[in-house]
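**Q** For reference, the structure I am asking about is given below.
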Amino acid sequence: MVTLVIAEKPNVARKIAYALAERKPVRKTIGKVSYYEFTRDGKKIIVAPAVGHLFSLAPKTKTYGYPVFDIEWVPVYVAEKGKSYAKDYIKALASLAKRADEFVVACDYDTEGEVIGYTALKYACGVDPSKAKRMKFSALTKKDLLKAWYNLEPTINFGMADAGIARHVLDWYWGVNLSRALTSAIKRASGKWMVLSTGRVQGPTLKFLVEREKEIQNFKPKPYWVIKMVLEKNNSQYTAVYEKDKIWDEEEAKRIVSEAKKGPAFVEKVEVKQQKRNPPVPFDLGTLQREAYSAFGYSPKKTLELAQRLYERGLSSYPRTSSQKLPKNLNFRSILQNLAKLPEYKPFAHELLGKGNLKPVEGKKEDPAHPAIYPTGELPKPGELTKDEANLYDLIVRRFLALFMEPAVREIMKVIINSNGHRFILSGARTLKEGWLKVYSKYVKFDEVILPPFKEGEQVKVLQIKREKKKTKPPARYSPAAVIKKMEDLGIGTKATRAQILETLYQRGYIEGKKKIKVTPLGMRVVEALEKNVPDIVSVELTRAFEEKMEEIMTGKAKRDEVIEESKEQLVKILKVFKEKELDIGRMLLETTGTGVTTSKTVAKKAGALKESAEGEEKAVEKAPDKEERRKPLVVGKCPKCGGDLIIRYNRKTGKRFVGCSNWPKCNVTYPILQRGEVIPTGKTCCNGAPVVKIREKGREYEICLDMNCKGWKR
DNA sequence: GCAAGGTC
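The first sequence: position 597 = 597 (UniProt numbering), numbered continuously.
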């Protein structure tokens with residue numbers, strides 16, 4: 001009897017093995033994959049990892065059209081570029097499965113974990129998922145893992161697996177079909193191939209950015225006045241502000257100033273309050289991403305990458321967590337002892353080690369799979385970390401140290417000055433007791449405005465009372481960190497995907513600006529087009545609806561395939577209408593001014609996002625009354641056979657481009673051409689009069705002859 | 001090529 005235990009990821013496989021093994025487990029490898037062998041209660045056990053999803057959905061037949069609903073599970077490395085690392089893991093599971101006669105899924109206990117386990121069993125191990133048992137644990141401690149091992153669920157949770165599968169399919173149906181529809185629309189209107197996309201998370205994210213953009217565009221600044229009193233005490237000047245912070249009427253402001261100037265001014269009241277400020281809570285990923293953005297200006301994606309690197313070096317814990325709580329059984333003392341070896345943390349760590357009871361503050365958020373992010377106590381070797389890694393490490397360590405420290409105590413002082421019946425407020429604030437600020441003041445700033453003592457009733461020496469004209473400001477643009485927060489608040493995306501989805505919006509040319517995000521005209525039009533035709537996809541309600549359906553599948557109130565079928569029928573209708581209006585929608589996407597209702601006149605001139613545009617194509621849309629004549633194609637040279645124009649054409653079925661003669665069908669000259677990159681005519685010819693074109697792709701440029709038999713032919 | 005979700 002050999003039992004194969006499948007973990008969600010390598011690190012967890014190791015932990016499970018160490019927890020379940022009676023002695024030290026034996027680590028073995030297949031390819032690059034480590035797995036563990038050991039015995040327990042006389043039973044041979046192998047623990048092997050997946051690396052997240054090993055299988056992904058892909059269309060059964062390769063077409064470029066839509067709608068497409070015929071999909072299947074394929075290895076991730078087949079479906080997506082850059083996933084070749086998964087190959088070894090699938091191989092390893094397949095080979096270990098041959099030796100096993102019992103299977104246990106030990107992935108994270110959530111819908112995705114269940115899908116990872118289900119697909120690994122079915123497609124990598126080649127076994128019936130209903131034969132497998134389930135290890136159910138919520139912490140990776142020895143105690144919890146052993147308990148789970150001795151209380152195995154008899155089967156995997158098929159409700160959860162079905163809900164998860166439905167989520168994958170629905171996201172694919174909606175996302176891929178609508179992305180294809182958008183891409184197709186802009187191609188029909190412009191003749192240009194440009195990938196557009198949307199989805200259950202991209203849609204609403206872009207939408208709230210668009211809403212902010214509109215608020216800013218429509219914003220009319222409104223003037224108002226503030227009144228300030230400059231006063232002197234102990235040879236220093238201080239500025240108090242009028243109790244009403246905005247005065248909308250200038251005459252009123254004038255009146256207040258002239259009345260207040262008459263004086264006399266005296267201290268009406270002094271309010272002093274002490275405020276206790278508790279340490280900040282442990283880092284979940286979102287909070288870390290926000291803090292790293294405000295401290296260092298790192299994008300959420302960059303922060304996740306840095307945190308992942310620190311994790312892989314063993315310096316900090318797993319980053320993709322939404323927990324704000326530290327594990328109860330973590331050995332804080334030993335972590336602190338190690339951190340004390342680094343001079344910059346030594347005084348703080350020593351202070352804490354002197355305390356009897358080490359109790360960190362904790363936040364509200366929880367995560368069944370992982371605790372909050374903390375330093376492990378492993379120390380970076382000198383020079384091991386890059387500047388960015390070192391910055392993030394410092395942030396994580398200081399945050400950790402702060403958790404155990406005393407609250408800071410702040411004094412807030414408010415002096416109310418009355419001058420001829422008008423009240424002005426002088427505010428001060430200072431830190432009385434630093435507490436955790438000692439270690440964390442690098443990353444959090446509190447105002448220090450120290451006021452001299454004031455007594456109630458004392459006369460105030462007023463130097464000046466003045467009014468200042470100000471204007472209301474439009475709402476601020478979102479920063480990348482603020483987008484992540486907003487997504488969290490709306491409950492769209494996950495901790496692991498939000499940063500990447502934001503990057504996708506940049507890649508699509510929907511948004512720009514590294515710190516202050518601006519929606520491009522293209523981004524505005526995409527939301528407009530979707531709102532008009534597929535309002536569901538830009539609404540967070542779609543996520544809510546999916547969640548409800550998943551809940552129903554899990555509880556057995558709904559069937560997976562019926563839910564999928566229902567969504568498919570809904571999409572079929574939507575996509576049919578979309579297709580009929582494709583050309584209009586495409587034209588609308590190209591517009592950069594106006595409301596988007598006008599059609600062919602206001603066109604592609606400023607479609608700045610169309611980076612691949614070739615000269616001469618853009619105006620074509622203007623005189624575009626008819627379906628086929630709508631785009632003026634790019635001429636790359638003269639036809640060697642009939643002297644006609646050689647133009648870029650697209651295969652109707654596959655959407656692929658090629659070079660063909662404008663006199664087709666009379667002349668049948670065609671050349672294949674690379675699918676990627678911008679094509680630039682050179683005017684030169686080569687073999688048998690075939691044109692030479694320049695291809696510009698991702699900053700690279702090269703010239704090729706279009707004749708495949710040419711010696712210089714590439715690809 | 002297109003989604004969103006795990007993970008390196």
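Glycine included, C-beta positions come from ideal geometry on N, C-alpha and C.
1) Going by DSSP, what residue range makes up the alpha helix (DSSP H) through residue 187?
2) How many Å lie between residue 15 and residue 378 at the Cα?
3) To the nearest angstrom, how far is it from the Cα of residue 199 to the Cα of residue 73?
4) Do you know how far the Cα of residue 57 is from the Cα of residue 63?
5) Can you tell me the Cα-Cα spacing of residue 560 and residue 111, whole angstroms?
6) Just verifying my parser: in three-state terms, what is the DSSP assignment at residue 16?
7) Ends of the alpha helix (DSSP H) at residue 236?
8) Please work out which residues of its chain come closer than 6 Å, Cβ to Cβ, to residue 684, disregarding the five sequence neighbours upstream and downstream, and give them in chain order.
9) Taking residue 428 as the reference, which of 216, 55, 471, 273 has the closest Cα?
10) Would DSSP call residue 135 helix, strand or coil?
11) Under three-state DSSP, which class holds residue 540?
12) Under the rule that 16 or more other beta-carbon atoms within 10 Å means buried, what is residue 558, buried or exposed?
13) Just the Cα atoms here: how many angstroms apart are residue 335 and residue 66?
14) Over what stretch of residues does the alpha helix (DSSP H) that includes residue 531 continue unbroken?
15) Can you tell me whether residue 465 is buried or exposed? The criterion is at least 16 other CB atoms within 10 Å of its CB, across all chains shown.
16) Let's test the definition: count the other Cβ atoms within 10 Å of the Cβ of residue 371 and tell me whether it reaches 16, buried, or not, exposed.
17) Would you check if the distance between the CB atom of residue 299 and the CB atom of residue 480 is smaller than 7 Å?
18) Can you give the beta carbon distance from residue 212 to residue 478, rounded, assuming they're within the 8 Å contact cut?
19) Give the single residue among 224, 24, 155 whose Cα lies nearest to the Cα of residue 469.
20) I'd like to confirm the pairing. Which residues does DSSP put opposite residue 231 in its beta bridges?
21) Could you compute how far the alpha carbon of residue 323 sits from the alpha carbon of residue 182?
22) Is it the case that the CB of residue 57 approaches a heavy atom of the ligand NAD more closely than 6 Å?
23) Quick check on the DSSP output: the beta strand (DSSP E) that includes residue 637 runs from which residue to which?
24) Out of curiosity, what's the CA-to-CA distance linking residue 291 and residue 485?
25) Is it buried or exposed for residue 350, if we count other Cβ within 10 angstroms and need 16 for buried?
26) Just the C-alpha distance for residue 219 and residue 287, rounded to the nearest angstrom, thanks.
27) Roughly how far, in whole angstroms, is the beta-carbon of residue 454 from the beta-carbon of residue 270, given that I think they are within contact range, below 8 Å?
28) Can you grab the Cα-Cα spacing for the pair residue 530 / residue 537, in whole Å?
29) How long is the line joining the alpha carbons of residue 316 and residue 306, rounded to whole angstroms?
30) What are the partner residues of residue 705, as DSSP defines its beta bridges?
31) Any idea what DSSP makes of residue 197, helix, strand or coil?
32) Can you give me the C-alpha to C-alpha distance between residue 261 and residue 232, rounded to a whole angstrom?
33) Would you decide whether residue 177 is buried or exposed? Buried here means 16 or more other CB atoms lie within 10 Å of its CB.
34) Using a Cβ-Cβ cut-off of 8 Å (strictly less than) and excluding sequence neighbours within five positions of residue 53, which residues of its own chain qualify?
35) In three-state DSSP terms, what is residue 300?
36) Quick one: any contact between the region 35-51 and the region 17-26, if contact means 3 or more CB pairs under 8 Å?
**A** Quick look at the numbers:
1) Segment 158-190, the alpha helix (DSSP H) holding residue 187.
2) The alpha-carbon separation between residue 15 and residue 378 amounts to approximately 17 Å.
3) Those two C-alpha atoms are separated by around 20 Å.
4) So the two alpha carbons sit approximately 15 Å from each other.
5) Near 13 Å, if we compare the C-alpha coordinates of residue 111 and residue 560.
6) Per DSSP, reduced to three states, the secondary structure at residue 16 is helical.
7) In the DSSP annotation of this structure, residue 236 is not part of any alpha helix (DSSP H); the continuous beta strand (DSSP E) holding it starts and ends at 236-242.
8) 692, listed in sequence order.
9) When 216, 55, 471, 273 are compared, the shortest CA-CA separation from residue 428 is found for 273.
10) When DSSP states are grouped into helix, strand and coil, residue 135 belongs to the coil group.
11) If DSSP states are grouped into helix, strand and coil, residue 540 belongs with coil.
12) Around the C-beta of residue 558, 16 or more other C-beta atoms lie within 10 Å, and the residue is accordingly described as buried.
13) For residue 335 and residue 66, the distance between alpha carbons rounds to 55 Å.
14) Residue 531 -> alpha helix (DSSP H) spans 521-533.
15) By the 10 Å Cβ count, residue 465 comes out buried.
16) So residue 371 ends up on the buried side.
17) Taking 7 Å as the Cβ cut-off, residue 299 and residue 480 qualify as a contacting pair.
18) The pair is a contact, with the Cβ atoms about 6 Å apart (cut-off 8 Å).
19) In this structure, 224 is the residue among 224, 24, 155 with its C-alpha nearest to the C-alpha of residue 469.
20) DSSP lists 238, 462 as partners of residue 231.
21) One C-alpha to the other measures close to 37 Å.
22) Looking at this structure, you won't find the ligand NAD or any other ligand, since it has none at all.
23) That run of the beta strand (DSSP E) goes 635-638.
24) Spanning the two alpha carbons is a distance of roughly 11 Å.
25) Label assigned to residue 350: exposed.
26) Their Cα atoms are separated by approximately 31 Å.
27) Yes, residue 454 and residue 270 are in contact; Cβ-Cβ is about 5 Å, under 8 Å.
28) So the two alpha carbons sit approximately 7 Å from each other.
29) Going from the Cα of residue 316 to the Cα of residue 306 covers about 11 Å.
30) Under DSSP, residue 705 shares a beta bridge with 692.
31) Reduced to three states, the DSSP call for residue 197 is coil.
32) Distance between the alpha carbons of residue 261 and residue 232 is about 15 Å.
33) That one is buried.
34) Only 76, 112, 115, 116, 119 meet the Cβ criterion.
35) Assignment of residue 300 by DSSP, reduced to helix, strand and coil, places it in the helix class.
36) Taking 8 Å as the limit for Cβ pairs, the verdict is that the region 17-26 does touch the region 35-51.
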